[in-house]
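Enquirer:
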Amino acid sequence: MDTRRPLRILATVLGTAGLLVSGCSSGGSTSTSPSAAPVPAALKPYYAQRLDWRDCGVEGFQCATMKAPRDYGKPDGGDMKLAVSRAKATGPGERIGSLLVNPGGPGASAIGYLQSYAAVGYPAQVRARYDMVAIDPRGVARSEPVECLTSPQMDAYTQVDQTPDDAGEVARLSGAYKEFASGCEQHSGEILPHVSTVETARDMDMLRALLGDEKLHYVGASYGTYLGATYADLFPARVGRLVLDGAMDPSLPAVEVNRDQTAGFETAFQSFAADCVKKAGCPLGTTSTTDAAARLKQLFAHLDARPIPTGDSRKLTESLATTGVIAAMYDESSWPQLRVALAGAEKGDGSGLLSLADSYYEREPNGTYANLMYANAAVNCLDLPPAFADADAAAQALPAFEKASPVFGRTFTWAALNCAHWPVRPTGTPHRIEAKGADPIVVVGTTRDPATPYKWAESLAGQLSSGTLLTYRGDGHTAYGRGSDCIDTAINTYLLDGTPPSDGKQCS
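Each residue of the sequence shown is one higher than the one before, counting from 132 in this note's numbering.
1. Let's test the definition: count the other Cβ atoms within 10 Å of the Cβ of arginine 565 and tell me whether it reaches 16, buried, or not, exposed.
2. Below 8 angstroms on the Cβ atoms is my contact criterion, and I expect proline 200 with aspartate 186 to pass it. Report the Cβ-Cβ distance as a whole number of Å.
3. Could you spell out the range, first to last residue, of the beta strand (DSSP E) harbouring cysteine 638?
4. Using only CA atoms, which one of Glu316, Met197, Leu231, Val271 lies nearest to arginine 556?
5. Return the chain-ordered list of same chain residues with a C-beta closer than 6 angstroms to the C-beta of lysine 219, the five sequence neighbours on each side being excluded.
6. Whole alpha helix (DSSP H) runs in the stretch 339-410 with 4 or more residues, listed along the chain?
7. In angstroms, rounded to a whole number, what distance separates the CA positions of serine 164 and leucine 595?
8. Which stretch, first to last residue, makes up the beta strand (DSSP E) that contains threonine 196?
9. Hey, valine 611 and aspartate 376: beta-carbon distance below 7 angstroms or not?
10. Taking just the CA atoms, how far does glycine 442 sit from leucine 383?
11. On a Cα-Cα basis, can you pick out the residue from Arg269, Leu213, Ala524, Gln256 that is closest to glycine 236?
12. Around the C-beta of alanine 378, are 16 or more other C-beta atoms found within 10 angstroms, so that it is buried, or is it exposed?
13. Classify aspartate 297 as buried or exposed, calling it buried when 16 or more other Cβ atoms lie within 10 Å of its own Cβ.
14. For alanine 452 and alanine 476, which I take to be in contact (beta-carbon distance under 8 angstroms), what is that distance rounded to the nearest angstrom?
15. What number of angstroms, rounded off, separates the C-alpha of serine 162 from the C-alpha of threonine 421?
16. Would you mind giving the Cβ-Cβ distance between valine 232 and leucine 213, rounded to the nearest angstrom? I have them listed as a contact below 8 angstroms.
17. Residue range of the beta strand (DSSP E) that isoleucine 439 falls in?
18. Let me make sure I understand the geometry here. Which of Tyr603, Asp334, Ala259 has the alpha-carbon closest to that of valine 170?
19. How many angstroms separate the CA atom of alanine 259 from the CA atom of leucine 627?
20. Alanine 518 and alanine 385 look like a contact to me (Cβ under 8 angstroms); what is the Cβ gap, rounded to whole Å?
21. Comparing alpha-carbon positions, which option in Asp489, Arg541, Leu427, Lys198 lies nearest alanine 394?
22. Any contact between the stretch 335-351 and the stretch 310-326? By contact I mean 3 or more CB pairs, one from each, below 8 angstroms.
23. Under the DSSP definition of a beta bridge, which residues are partnered with threonine 577?
24. Just verifying my parser: in three-state terms, what is the DSSP assignment at aspartate 210?
25. Would you decide whether serine 633 is buried or exposed? Buried here means 16 or more other CB atoms lie within 10 Å of its CB.
26. With distances taken between CB atoms, is the gap from tyrosine 248 to histidine 552 smaller than 7 angstroms?
27. Would the stretch 394-404 count as touching the stretch 417-433 if we require 3 or more Cβ pairs under 8 angstroms?
28. Leaving out five residues on either side along the sequence, give the residues of the same chain with a beta carbon under 7 angstroms from the beta carbon of glutamate 278.
29. Quick one: using the 10 Å Cβ neighbour count with 16 as the cut-off for buried, is serine 639 buried or exposed?
30. According to DSSP, which residues form a beta bridge with aspartate 262?
31. Hey, could you find the ends of the alpha helix (DSSP H) valine 471 is sitting in?
32. Could you give the distance in angstroms between the alpha-carbon of proline 381 and the alpha-carbon of aspartate 523?
33. Throw me the rounded Cβ distance for the phenylalanine 543 and asparagine 389 pair, which I believe falls under 8 angstroms.
34. Using beta-carbon positions only, say whether proline 414 and leucine 473 come within less than 7 angstroms of one another.
35. Pick out whichever of Glu310, Met285, Lys175, Ser353 has its Cα sitting closest to the Cα of threonine 577.
36. Of the residues Ala241, Val257, Gly243, which one's Cα is nearest the Cα of arginine 226?
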């Protein structure tokens, strides 16, 4: 999948229940103006440590390891080792400070995003005046990654039927979630209680101090917006220039998050279908979006009954096909690839949809997986109480989810069951984030964003005492750096001179 854009901010399929779904909030507001308070004595050794920067082995980048307390409630109880990377400001112009970036997830590698895109793909004038910096959040990629399943186990997990038709299939799906959770506990039990968004936000403040910045400058996408908003809530006086692109709404319980996202992907599919049916040879027909939806559902039903070959040892199941379609909804540039993949599937070749699904899961050609999906579940299930306590509750919610999306509703409903079996109790609750006293914060929303529905950006901008809403009227997930000069100019101006766009500014 194209690493130039924030990815999979919310995987909504089996066990990832929406990299947003089933979670993505982390704890009630704890902001009693801790930003104005001195660093607690127990944390001073961490804030006083020295980062030992070294060559990463990737041209232009330095890397370091930062120590943070595993448990902020017991700072003397052991360390977390967190990976950090930076590219120094290129000049010309006076250096503003460090610009921390996070592409979302939870579970996506911020360092991978920095090194593959941000430090070369962000506008030259921004890179000239900021050190571009990333930290892999605790439990993610290079920072003591959460591990759960072997690669063959993960292959099997991704193929479990996500739209159970009877009690036996419900039991098998529940069993898969239990096995996944048990694997995480077995392999990463010591860190599972300590990968919440609040803890990662505290790590970010420590990094800010170690970089020598009085305030945090930050661009976060999708889940990264929740992380940035959480930082602002904890440390409002330390907020610098914050861009929250593809915003989440921290005030929602998990079931509403999942249902809203279900509707978001339906909106994105309708945009794809409307584009597809205008083209000769559209695999979903050339009559109407209604017909297109019906044909896609027919394909899913066919694959549910009889998976098709892919040229791989794995066949294309309904679950993998659904994941492949969802993956292509994040960016309209993936629509041509999806049309080809769907045409192939109609002819009995599942390789195209399998390739899309593999990119979504970060499965390498050799069969290994990145830890994206493991970290995703670990953070989400800690950040919010589960959407459903059990399979009966999920079944009762089916009509509401299918109303939100006739195409994806069943899949998203059952995906939201994953945290019901998590071995660690959640530490977070839904809550408003106001961040009173913070400098202006720019919240960006895309009107047909599948993963973070536009109304979430409206809500977060309204909650933040200094929030200003910037709207992109278009398709795809997030807006910055995706082709709108209007959006990019507004954000670049804010990052470079601190002037936010006017509240309510709209771009296309």
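Glycine included, every Cβ here is placed at the ideal spot set by N, Cα and C.
Please read all numbers here as calculations on a predicted model, not as lab measurements.
Expert: On the basis of the coordinates in this document:
1. The amino acid at residue 565 is misidentified as arginine; the sequence shows glutamate. Looking at its Cβ environment, which holds 16 or more other Cβ atoms inside 10 Å, glutamate 565 is buried.
2. Not really, about 28 angstroms apart at Cβ, beyond 8 angstroms.
3. Here the beta strand (DSSP E) through cysteine 638 covers 636-638.
4. Comparing Cα positions, the closest option is Glu316.
5. Excluding residues within five positions, the ones whose Cβ falls inside 6 angstroms are Asp262.
6. 354-365, 385-407, all fully within the stretch 339-410.
7. In this prediction, serine 164 scores a pLDDT of 40, lower than 50, which makes its location untrustworthy; the coordinate-derived value is nonetheless stated afterwards. Taken atom to atom, the span from the alpha-carbon of serine 164 to that of leucine 595 is near 15 angstroms.
8. 193-200 is the span of the beta strand (DSSP E), which, as asked, contains threonine 196.
9. Looking at the sequence itself, residue 611 is tyrosine, so the reference to valine does not match. Yes, these two residues count as a Cβ contact at 7 angstroms.
10. The straight-line gap from Cα to Cα measures roughly 42 angstroms.
11. Looking at Arg269, Leu213, Ala524, Gln256, the one whose alpha-carbon comes closest to that of glycine 236 is Arg269.
12. Buried, since its Cβ has 16 or more Cβ neighbours within 10 Å.
13. Under this definition aspartate 297 is an exposed residue.
14. Under the criterion of beta carbons closer than 8 angstroms, alanine 452 and alanine 476 qualify as touching, at roughly 7 angstroms.
15. Confidence is the limiting factor: at serine 162 the pLDDT is only 39, short of 50, which leaves the residue's position unreliable, though a coordinate-based value still follows. Cα-Cα distance, rounded: 47 angstroms.
16. Not a contact, Cβ separation roughly 15 angstroms.
17. For isoleucine 439, there is no enclosing beta strand (DSSP E), since its DSSP letter is neither H nor E.
18. Looking from the CA of valine 170, the closest CA among Tyr603, Asp334, Ala259 belongs to Asp334.
19. Rounded to whole angstroms, alanine 259 and leucine 627 show a C-alpha spacing of 10 angstroms.
20. With a beta-carbon spacing of about 4 angstroms, alanine 518 and alanine 385 fall inside the 8 angstroms limit used to define contacts.
21. Selection Asp489, Arg541, Leu427, Lys198 evaluated against alanine 394 yields Arg541 as nearest (Cα-Cα).
22. Not touching, per the Cβ criterion.
23. Tyr603, per the DSSP bridge assignment.
24. Aspartate 210: strand per DSSP, three-state reduction.
25. Classification for serine 633: exposed.
26. A distance of 7 angstroms or more separates the beta carbons of tyrosine 248 and histidine 552.
27. With the cut-off at 8 angstroms, the stretch 394-404 and the stretch 417-433 touch.
28. Closer than 7 angstroms at the Cβ level, and outside the excluded window around glutamate 278, lie His318, Ser319, Asn502, Tyr505.
29. Classification for serine 639: exposed.
30. Answer is Ser229, bridged to aspartate 262.
31. Residues 466-477.
32. Straight across, the Cα-Cα distance linking proline 381 with aspartate 523 is about 26 angstroms.
33. With a Cβ gap of about 6 angstroms, phenylalanine 543 and asparagine 389 count as contacting.
34. Yes, the Cβ-Cβ distance between proline 414 and leucine 473 is below 7 angstroms.
35. When each option's Cα is compared against that of threonine 577, the closest is Ser353.
36. For arginine 226, the closest alpha carbon among the candidates Ala241, Val257, Gly243 is that of Val257.
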